[in-house]
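In this note's numbering, the protein residues as written are 9 to 147.
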């Protein structure tokens, strides 16, 4: 069976549980299409959906291990990239003079990250400066 989440990140594998008062923190991630049924589930329903799969990862897992759970839903947190997206990445120039597009859908194949956004911002700044210089030379 496919897991209903794409990542299981145990923060206490990065920092000692001592840093968390002896507790373990686990983050389950899943980026979804905006109309996915998980968006309509209550927090308890979603957690109940995940429990059997957590037991597949760790057969000893018990619901009682969860002292607190937080569910965060954001319909636009991550672009969902379809097959062959590299052939359809939006151009920086929009076709409207002086209007440029720069967002996280254009950093493919990278994932979200401040460093990639900064890199993209630098690329756009260079592009705009070049376009302005070219237009000034036509003058």
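A virtual CB, placed ideally from N, CA and C, is assigned to each residue, including glycine.
(request) Could you name the residues of the same chain whose beta carbon sits closer than 7 angstroms to that of residue 132, not counting the 5 residues immediately before and after it, in chain order? (result) Taking the first residue of the chain shown as position 1, residue 132 is located at position 124. Same-chain partners within the cutoff: 100, 108 and 110.
(request) Kindly list the residues whose CB is nearer than 8 angstroms to the CB of residue 47, restricted to its own chain and excluding five residues on each side of it in sequence; keep chain order. (result) Counted from its first residue, the chain shown places residue 47 at position 39. Excluding residues within five positions, the ones whose Cβ falls inside 8 angstroms are 40, 81 and 83.
(message) Using CA atoms only, rank isn't needed, just tell me which of 32, 24, 128 and 64 is closest to residue 8.
(response) Outside the modelled stretch of the chain, which goes from 9 to 147, sits residue 8, for which no answer is possible.
(request) Confirm, please, whether the CB-CB distance from residue 97 to residue 116 is below 9 angstroms. (result) Looking up residue 116 in the chain shown gives position 108. Looking up residue 97 in the chain shown gives position 89. Between residue 116 and residue 97, the C-beta gap is smaller than 9 angstroms, which places the two residues in contact.
(request) In angstroms with no decimal places, state the Cα-to-Cα distance between residue 93 and residue 14. (result) Stepping through the chain shown from its first residue, residue 93 is reached at position 85. Stepping through the chain shown from its first residue, residue 14 is reached at position 6. Here the C-alpha atom of residue 93 lies approximately 20 angstroms from the C-alpha atom of residue 14.
(request) Whole angstroms is fine: what's the gap from residue 120's alpha carbon to residue 113's? (result) Position 112 of the chain shown holds residue 120. Position 105 of the chain shown holds residue 113. So the two alpha carbons sit approximately 9 angstroms from each other.
(request) Spell out the partners DSSP gives residue 37 in its beta bridges. (result) Taking the chain shown and counting its residues from 1, one reaches residue 37 at position 29. According to DSSP, residue pairing for residue 37 in a beta bridge involves 15.
(request) Quickly, what does DSSP pair residue 108 with across the bridge? List them, please. (result) To locate residue 108, count along the chain shown from 1; it is residue 100. Beta-bridge annotation (DSSP): residue 108 is paired with 101.
(request) State yes or no: is the C-beta of residue 81 nearer than 8 angstroms to some heavy atom of the ligand MN? (result) Annotation note on the ligand MN: not contained in the displayed structure, which lists no ligands.
(request) Report buried or exposed for residue 54, applying the criterion of at least 16 other Cβ atoms within 10 angstroms of its Cβ. (result) Reading the chain shown from its first residue, position 46 is the one you call residue 54. Classification of residue 54: buried, given that the 10 Å Cβ count is 16 or more.
(request) Could you tell me how far apart the beta carbons of residue 161 and residue 65 are, in whole angstroms, since I believe they sit closer than 8 angstroms? (result) Residue 161 cannot be examined here, being either before or after the span of the chain that is shown, 9 to 147.
(message) Using only the alpha-carbon positions, how far apart do residue 104 and residue 24 sit?
(response) In the chain shown, residue 104 corresponds to position 96, counting from 1. In the chain shown, residue 24 corresponds to position 16, counting from 1. Here the alpha carbons of residue 24 and residue 104 stand approximately 53 angstroms from one another.
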